[in-house]
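Student: If you scroll down you'll find the structure; I have some questions about it.
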Amino acid sequence: MTTIFSIEDEEALVSLLEYNITSAGFKFEHSINGYEGMMQLQKVNPDLILLDWMLPDIAGTEICKFVRSKKDLKNIPIIMLTAKGEEEDLLSGFDMGCDDYITKPFSPAELIARIKALLRRANTDSNNSVLTFGNIKMDTGTHRVYCCDQEAKLGPREYRILEFLMRNPGRVYSRQQILDSVWGTNVYVTDRTIDVHIRRLRKALSSTEECKVIRTIRSSGYSLDSQS
2 MTTIFSIEDE EALVSLLEYN ITSAGFKFEH SINGYEGMMQ LQKVNPDLIL
52 LDWMLPDIAG TEICKFVRSK KDLKNIPIIM LTAKGEEEDL LSGFDMGCDD
102 YITKPFSPAE LIARIKALLR RANTDSNNSV LTFGNIKMDT GTHRVYCCDQ
152 EAKLGPREYR ILEFLMRNPG RVYSRQQILD SVWGTNVYVT DRTIDVHIRR
202 LRKALSSTEE CKVIRTIRSS GYSLDSQS
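Residue numbers (our numbering): 2 to 229.
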């Protein structure tokens, strides 16, 4: 059975999570303590982690870094639960390795939808392959991206956006289409958030002119195009 592991110190929220996650057909395990949770993760090896940003003993971002540093855990999807809405805070969470975030208070139905979307993408990623476009190479098995043989450091969202575009080069996709593919449907993310991730992706790929391949189509969206 698919296991969802939560590290959350609010008992009322833990009860809410357990009820909705088990009702959705998943196994639910949790820890109310950050350091204890890190130890349990290595024993449970769950399919997805729900992680509170503000824990009393350690920051959730530090647990993200811990998970990404462990060979047996590094590919587990992480959803950050946070009361922080500032863009810079959210982007720092992505830098540390979280795959998605949801701001408290949240709809249980939206949380379950995001969990299912991340699990689907994780299953897709298990089929290792190498994608290429011009001088860009993406190894979906190791989650590494290279531009002119130099590794580009991408956050999880930027990686997902680039993978989507590389699987469909030359086509123009609206922000909504990118949102549905990368974040999943029924998820509230603004156009501005998508634009921020595109800017970050472009910056990561800007080491050479040959890797500046993401084109903005006014009033339409974005495309992967060697003539950008």
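Beta carbons: idealized from backbone N, C-alpha and C, even for Gly.
Let's see if you can read the secondary structure: which residues bound the alpha helix (DSSP H) around residue 59?
Tutor: Reading the sequence shown from its first residue, position 58 is the one you call residue 59. Per DSSP, residue 59 is not a residue of any alpha helix (DSSP H), being assigned neither H nor E.
Student: Suppose you measure from the CA of residue 216 to the CA of residue 38; what does that come to, to the nearest Å?
Tutor: To locate residue 216, count along the sequence shown from 1; it is residue 215. To locate residue 38, count along the sequence shown from 1; it is residue 37. In a straight line, the C-alpha of residue 216 is about 43 Å away from that of residue 38.
Student: Using CA coordinates, which residue listed in 67, 149, 179 is at the minimum distance from residue 163?
Tutor: Position 162 of the sequence shown, counted from the start, is the residue given in the question as residue 163. It is 179 whose Cα lies nearest to the Cα of residue 163.
Student: Residue 31 by DSSP, collapsed to three states: which one?
Tutor: Looking up residue 31 in the sequence shown gives position 30. If DSSP states are grouped into helix, strand and coil, residue 31 belongs with the strands.
Student: For residue 27, collect the residues of the same chain with a Cβ closer than 6 Å to its Cβ; drop the 5 residues on either side in sequence, then sort them by chain order.
Tutor: Start at 1 with the first residue of the sequence shown, and residue 27 comes out as number 26. Closer than 6 Å at the Cβ level, and outside the excluded window around residue 27, lie 3, 5.
Student: Does residue 178 come within less than 8 Å of chain C when only Cβ atoms are used?
Tutor: Here there is only one protein chain, and chain C is not present.
Student: If you drop the 5 nearest sequence neighbours on each side, which residues of the same chain put their C-beta closer than 8 Å to that of residue 119?
Tutor: Taking the first residue of the sequence shown as 1, we reach residue 119 at position 118. If we look at residue 119 and ignore the five residues flanking it on each side, its Cβ neighbours are 49, 78, 80, 100, 101, 185.
Student: Under the three-state reduction of DSSP, which class applies to residue 159: helix, strand or coil?
Tutor: Locating residue 159 in the sequence shown gives position 158, counting from the first residue. Correct three-state label for residue 159: helix.
Student: Who does residue 115 pair with in a DSSP beta bridge?
Tutor: Stepping through the sequence shown from its first residue, residue 115 is reached at position 114. Its beta-bridge partners do not exist; DSSP assigns none.
Student: Assign residue 224 to buried or exposed, taking buried as 16 or more other Cβ atoms, counted over all protein chains shown, within 10 Å of its Cβ.
Tutor: For the purposes of this step, residue 224 is taken as residue 223 along the sequence shown, with counting starting at 1. Buried: at least 16 other Cβ atoms inside 10 Å.
Student: Give the range of the beta strand (DSSP E) segment to which residue 217 is assigned.
Tutor: The residue you call residue 217 lines up with position 216 of the sequence shown. 215–218 is the extent of the beta strand (DSSP E) around residue 217.
Student: Spatial neighbours of residue 155 within its chain, please: C-beta separation below 6 Å, excluding the five flanking residues on both sides.
Tutor: Position 154 of the sequence shown holds residue 155. Same-chain partners within the cutoff: 146, 205.
Student: Any idea if residue 142 is buried or exposed, counting beta-carbon neighbours within 10 angstroms, 16 or more meaning buried?
Tutor: Counted from its first residue, the sequence shown places residue 142 at position 141. Label assigned to residue 142: exposed.
Student: Count the other CB atoms within 10 Å of the CB of residue 214; is the residue buried (16 or more) or exposed (fewer)?
Tutor: Against the sequence shown, residue 214 aligns to sequence position 213. Buried, because 16 or more other Cβ atoms sit within 10 Å of the Cβ of residue 214.
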